[in-house]
Amino acid sequence: MSHKRVVITGLGAVTPIGTGIQTFWDAAVRGANGIQPLNSIDTTEFRSKVGGEVKDFDPLKHFGAEEIAHLGRSSQFAVVAARMAVAQSGLDMGKEDPYRICVCVGTTMGEPQILEQGIEIKYKTSDARKIPAGLPRQYPCGTIPANVAREFGTRGPAMMIPTACAAGNYALGYTYDLIRLGKIDAAISGGSDPFSKIAFTGFNRLLATTKDCCRPFDLNREGMAVSEGAGMLIVEELEHAKKRGAPILAELLGYGLGCDAHKMTIPDPAGSGGIEALRKALTNSGIAAEQVDYVSAHGTGTGENDKVETLIMKTVLGEHARKAPISSIKSMLGHTMGAASAIEAVACVLMIRNNVALPTINYVTADPECDLDCIPNTARNMKIDTVVSNAYAFGGNCSSIVLARYQG
Amino acid sequence: MKKVVITKAEVLSSLGKAMQALHANLPLDPPTATTVQDFEFHKFDSPVACFKVKDVDPVEILGKKGLRTKDWSTKLLLSALEIGLKDLLDGAEEKSRPGICVGTAFGSVDSIGNFLSESIVSGVNNVNPQAFANTVINACTSYANVRFVARALSCTVATGFNASLDAMIYAHDHLQRGYLDWIVAGGLEEVSYYSLLGMQRTGVLSSRGESRPFCTGSDGFVAGEGCALFVLETEEHARARGATPIAEIVGACSAFDPSDSGAASGESARYAFEEACRVAQITPDRLGFVAASANGVPALDEMEARLLTSLCPSVPVTAYKRYLGECYGAAAALSTACALSDMENRRVTGVGAGCHARGKFNLVTTSLQGHNSEFAAVNAFSCDGNCGSIIFKRL
Numbered sequence: 001m002s003h004k005r006v007v008i009t010g011l012g013a014v015t016p017i018g019t020g021i022q023t024f025w026d027a028a029v030r031g032a033n034g035i036q037p038l039n040s041i042d043t044t045e046f047r048s049k050v051g052g053e054v055k056d057f058d059p060l061k062h063f064g065a066e067e068i069a070h071l072g073r074s075s076q077f078a079v080v081a082a083r084m085a086v087a088q089s090g091l092d093m094g095k096e097d098p099y100r101i102c103v104c105v106g107t108t109m110g111e112p113q114i115l116e117q118g119i120e121i122k123y124k125t126s127d128a129r130k131i132p133a134g135l136p137r138q139y140p141c142g143t144i145p146a147n148v149a150r151e152f153g154t155r156g157p158a159m160m161i162p163t164a165c166a167a168g169n170y171a172l173g174y175t176y177d178l179i180r181l182g183k184i185d186a187a188i189s190g191g192s193d194p195f196s197k198i199a200f201t202g203f204n205r206l207l208a209t210t211k212d213c214c215r216p217f218d219l220n221r222e223g224m225a226v227s228e229g230a231g232m233l234i235v236e237e238l239e240h241a242k243k244r245g246a247p248i249l250a251e252l253l254g255y256g257l258g259c260d261a262h263k264m265t266i267p268d269p270a271g272s273g274g275i276e277a278l279r280k281a282l283t284n285s286g287i288a289a290e291q292v293d294y295v296s297a298h299g300t301g302t303g304e305n306d307k308v309e310t311l312i313m314k315t316v317l318g319e320h321a322r323k324a325p326i327s328s329i330k331s332m333l334g335h336t337m338g339a340a341s342a343i344e345a346v347a348c349v350l351m352i353r354n355n356v357a358l359p360t361i362n363y364v365t366a367d368p369e370c371d372l373d374c375i376p377n378t379a380r381n382m383k384i385d386t387v388v389s390n391a392y393a394f395g396g397n398c399s400s401i402v403l404a405r406y407q408g
Numbered sequence: 409m410k411k412v413v414i415t416k417a418e419v420l421s422s423l424g425k426a427m428q429a430l431h432a433n434l435p436l437d438p439p440t441a442t443t444v445q446d447f448e449f450h451k452f453d454s455p456v457a458c459f460k461v462k463d464v465d466p467v468e469i470l471g472k473k474g475l476r477t478k479d480w481s482t483k484l485l486l487s488a489l490e491i492g493l494k495d496l497l498d499g500a501e502e503k504s505r506p507g508i509c510v511g512t513a514f515g516s517v518d519s520i521g522n523f524l525s526e527s528i529v530s531g532v533n534n535v536n537p538q539a540f541a542n543t544v545i546n547a548c549t550s551y552a553n554v555r556f557v558a559r560a561l562s563c564t565v566a567t568g569f570n571a572s573l574d575a576m577i578y579a580h581d582h583l584q585r586g587y588l589d590w591i592v593a594g595g596l597e598e599v600s601y602y603s604l605l606g607m608q609r610t611g612v613l614s615s616r617g618e619s620r621p622f623c624t625g626s627d628g629f630v631a632g633e634g635c636a637l638f639v640l641e642t643e644e645h646a647r648a649r650g651a652t653p654i655a656e657i658v659g660a661c662s663a664f665d666p667s668d669s670g671a672a673s674g675e676s677a678r679y680a681f682e683e684a685c686r687v688a689q690i691t692p693d694r695l696g697f698v699a700a701s702a703n704g705v706p707a708l709d710e711m712e713a714r715l716l717t718s719l720c721p722s723v724p725v726t727a728y729k730r731y732l733g734e735c736y737g738a739a740a741a742l743s744t745a746c747a748l749s750d751m752e753n754r755r756v757t758g759v760g761a762g763c764h765a766r767g768k769f770n771l772v773t774t775s776l777q778g779h780n781s782e783f784a785a786v787n788a789f790s791c792d793g794n795c796g797s798i799i800f801k802r803l
């Protein structure tokens, strides 16, 4: 088995609390709340009227008008976040073998606004021929990594892994494998999802959305906030990174996947998939539970998720679960779907770099079933060398990744 | 490198149910497409040619329980698993069951489109919340995990036309890394109003409703649907459980062509094909045959014809999309199933007469019988830029 080490050399983020790494980090440290009344859809009929939109994202600041016409919102987010990550990493595509650079992206909904637009045209005009000929090409979610690959001229695989809200972790995990197998030198990897009327409608109908703010682990949590964004990371083979003098921000030690095989929309109350994923991640990473300093929770703010995730942590980490704080940045961002775990991976790298653990905001009342230290409301200065980041999804798709301070 | 073998294949296609349908129908003349016009919420002005899965009744295969809220894609996947792999899945203890990895371009775009249509027609507070779960692209795979209590892996890959080829490569890589011993991998795609409408608007459908890969007169493809699944496992695992390998995956490569014209430039397609051969440690002329990606879209067919003319002009080439249509995310898996059928039956399926072929390569028109192939390649080259090749060795 290969002993190649896998490191992170660049970060990019487009989120409801800010676009750009420094903007995002500053907002997260101060506990900014990105959940606000929605602008992009008419919420009159919905029980929930809030969500997380990327309000500072103006496509014209990033793309020409012709490009915008060919890029769905998810692709726009992904490309912009990837530009940041590539710039920080200093990855010069002109000096790389393009076949050894991969793009791997996760998503939940892909480019749903394209389909929403097409169907609205069909209903409003009763004439499908009014749908612009170029529109359907933008819909398949595989266009998201393809658009990123086109942006940088990469020729390695342009993978799309749409495993819903765990997709970002799946994408990072696969790039980790491709590097360990020696198939690629580096990857632009992460997740992207736009605000989707489908997702907002669906989660409203499942009564899973909050009416005001997202309160993970709080006794009175009432649901998630549908949100949007993208997180992209440059994942790279260590020697390749060192050779070109890249900034080594953290090490991706490993990951694990599991599946509840229980219900489509409800986690297994016993947490089977999450337990399996975390155990595999620790084994794959070669670390003991006691080495985990901090856990980035899936932490959606729904009754079931937070309770089950607490159980998973206690089952796998044992007594150490009470020593390793666990917080949910979804309290600030809402649930950015397939982008969530990628943005959370970006946050984890920043937490390691800054020795600051981000808070769970909106926390008021302790829940005896979620009795771990969730870093309530205020960021905490603490030594963070090793972190676990969990992401769970519809269909019981469960994942955990392990990131650590790079130590040569 | 671990040897990864295929020990079982199952398929639902427009040629019929199970691998036997391929064994029986591939030697026959290529079929003509059927047509569809009416769907649940929408209707086309005139019939649209397509290749629909036939001889599959999910209720008969799966029973009524739990099917009410499942869409056609999910029913196809569950049916394929039930027909071909249920004994194998049920025979293993829960903790030892294989993972599942499925490639699809769209998931169930019918579910997504209908959910939206219903919200417009009936109002957002009247859509069925259970239908929402079907709108995520990984829904079909996850339903399969739930039904067969397969906890080891649930993964969906969505790289357009290449999705099932990339799903097989993902599974192969997962096995190479030693995470699991076996994975059910393959592809799935449905024909729906929304997908057909999108293809119509994009102008990629054949105006005559004919699926004629590599033919100079062709102006597009005919959409198809289907599901093909394979049990991929390490040779050691297959041996330990007494399974007989059908084929070994000896080479594979996935690449991307970033040029504006997608794969039409041919550079990345050539790389993927050559790299797959290099990994397989064979030169292209050792291939018994090539299952081409060609689907009747002139630019893509022309590109692949150039590649084959250049790299293996004398190797027999077939194009199963002549029989099955363009099944998008399921296409490479269906081509793999057909290729395995051809290898097993010592033949190479012909694409039929009456075609003035592009390029100067060995396009098989009349099926070759008694053709013994040690190696076969399956290509997937798409207009979205994804390019991949996978090479099988018959065992």
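For the protein sequence lines, the chains are A and B, in the order given.
First residue of the first sequence? That's 1 in the numbering used here, and the numbers climb one at a time after it.
First residue of the second sequence? That's 409 in the numbering used here, and the numbers climb one at a time after it.
Cβ atoms here follow ideal geometry from the backbone N, Cα and C, with glycine treated the same way.
Remember, it's a predicted structure, so these values are computed and weren't measured experimentally.
### Message
Assuming F152/A and I188/A are in contact, meaning their beta carbons sit under 8 Å apart, how far apart are those beta carbons, in whole angstroms?
### Response
7 Å
### Task
Determine the DSSP secondary structure at A339/A, reduced to helix, strand or coil.
Helix, per DSSP.
### Query
If you draw a straight line from the C-alpha of G64/A to the C-alpha of G408/A, how long is it?
42 Å
### Task
Starting from I275/A, find everything on chain B with Cβ-Cβ shorter than 7 Å and list it in chain order.
Within chain B, no residue comes near I275/A; the closest Cβ sits about 10 Å away, beyond 7 Å.
### Query
Are the region 377-387 of chain A and the region 432-439 of chain B touching, with three or more C-beta to C-beta distances below 8 Å?
no
### Task
Please name the residue, chosen from R730/B, A457/B, L485/B, that lies closest to N433/B on a Cα-to-Cα basis.
Ranked by how close their Cα comes to the Cα of N433/B, the residues R730/B, A457/B, L485/B have R730/B in first place.
### Query
Any idea if V308/A is buried or exposed, counting beta-carbon neighbours within 10 angstroms, 16 or more meaning buried?
buried
### Query
For S421/B, which of A738/B, S527/B, N770/B, Q777/B has the nearest alpha-carbon?
A738/B
### Where the alpha helix (DSSP H) through L486/B begins and ends
480-499
### Task
Compare the Cα-Cα distances from G758/B to each of L776/B, L716/B, R585/B, G674/B and report the closest residue.
For the options L776/B, L716/B, R585/B, G674/B, the alpha carbon positioned closest to that of G758/B is the one of L776/B.
### Query
Between the region 32-51 of chain A and the region 291-308 of chain A, are three or more C-beta pairs nearer than 8 Å?
no
### Query
So what does DSSP say about G474/B, is it helix, strand or coil?
coil
### Cβ neighbour criterion (16 or more within 10 Å) applied to M409/B
exposed
#### Entry: Any chain A beta carbon closer than 7 Å to N787/B
no
### Message
Any beta carbon from chain A within less than 7 Å of G793/B's own beta carbon?
### Response
yes
### Query
Enumerated in chain order, which unbroken segments of the alpha helix (DSSP H) with a length of 4 residues or greater are wholly contained in the region 168-227 of chain A?
197-205
### Message
Assess contact between the region 623-630 of chain B and the region 537-545 of chain B, defined as three or more Cβ pairs (one per stretch) separated by less than 8 Å. Is contact present?
### Response
no
### Task
Assign I248/A to one of three DSSP states: helix, strand, or coil.
coil
### Message
Taking 7 Å as the limit between beta carbons, can you name the residues of its chain near E53/A, skipping five residues before and five after?
### Response
Sequence-distant Cβ neighbours of E53/A in its own chain, meaning closer than 7 Å and more than five residues away, are P16, L38, N39, S40, F195, E228.
### Listed by chain order, chain A residues near P666/B by CB distance under 7 Å
A149, R150, G153, T154, R155
### Query
Candidates P132/A, Y99/A, P162/A, C102/A: which alpha carbon is nearest A340/A's?
P162/A
#### Entry: Neighbourhood of A281/A by C-beta, 7 Å cutoff - its chain only, sequence neighbours within 5 removed
Excluding residues within five positions, the ones whose Cβ falls inside 7 Å are G254, Y255, G256, V388, S400, I401, V402.
#### Entry: Residue from I798/B, N794/B, F800/B, T691/B with nearest C-alpha to G156/A
N794/B
#### Entry: Rounded distance between the beta-carbons of V295/A and I326/A, thought under 8 Å
4 Å
### Message
To test your reading of the DSSP string, which unbroken beta strand (DSSP E) runs of 3 or more residues are found completely within the region 525-575 of chain B?
### Response
562-565
### Task
In angstroms with no decimal places, state the Cα-to-Cα distance between S577/B and G20/A.
In the sequence on display, residue 577/B carries Ile and not Ser. One C-alpha to the other measures close to 34 Å.
### Query
List, in order along the chain, the chain A residues whose C-beta lies closer than 9 Å to that of T442/B?
Residues of chain A passing the Cβ test: none, with the nearest at roughly 21 Å.
### Message
In the DSSP assignment, the alpha helix (DSSP H) including P714/B goes from what residue to what residue?
### Response
Reading off the sequence, residue 714/B comes out as Arg, not Pro. Element bounds for R714/B: 706-719.
### Query
Is the Cβ-Cβ distance between A32/A and G168/A less than 7 Å?
no
### Task
Within the same chain, show all residues whose beta-carbon is closer than 8 Å to that of R505/B, passing over the 5 residues directly before and after it, in chain order.
L497, F556, V557, A558, R559, A560
### Exposure of G10/A, with buried meaning 16 or more beta-carbon neighbours within 10 Å
Around the C-beta of G10/A, 16 or more other C-beta atoms lie within 10 Å, and the residue is accordingly described as buried.
#### Entry: Nearest neighbour of A651/B, chosen from A713/B, L803/B, R766/B [CA to CA]
L803/B
### Query
Between A128/A and the rest of its own chain, which residues show a CB-CB distance below 6 Å, the 5 nearest in sequence each way excluded?
Shown here for A128/A: same chain residues with a beta carbon closer than 6 Å to its own, the five before and five after excluded, namely K122 in chain order.
### Message
Could you check whether the region 635-649 of chain B touches the region 741-755 of chain B, counting it as contact only if at least three pairs of C-beta atoms, one from each stretch, sit closer than 8 Å?
### Response
yes
### Query
Under the three-state reduction of DSSP, which class applies to F622/B: helix, strand or coil?
coil
#### Entry: Simplified DSSP assignment, three categories, for I401/A
strand
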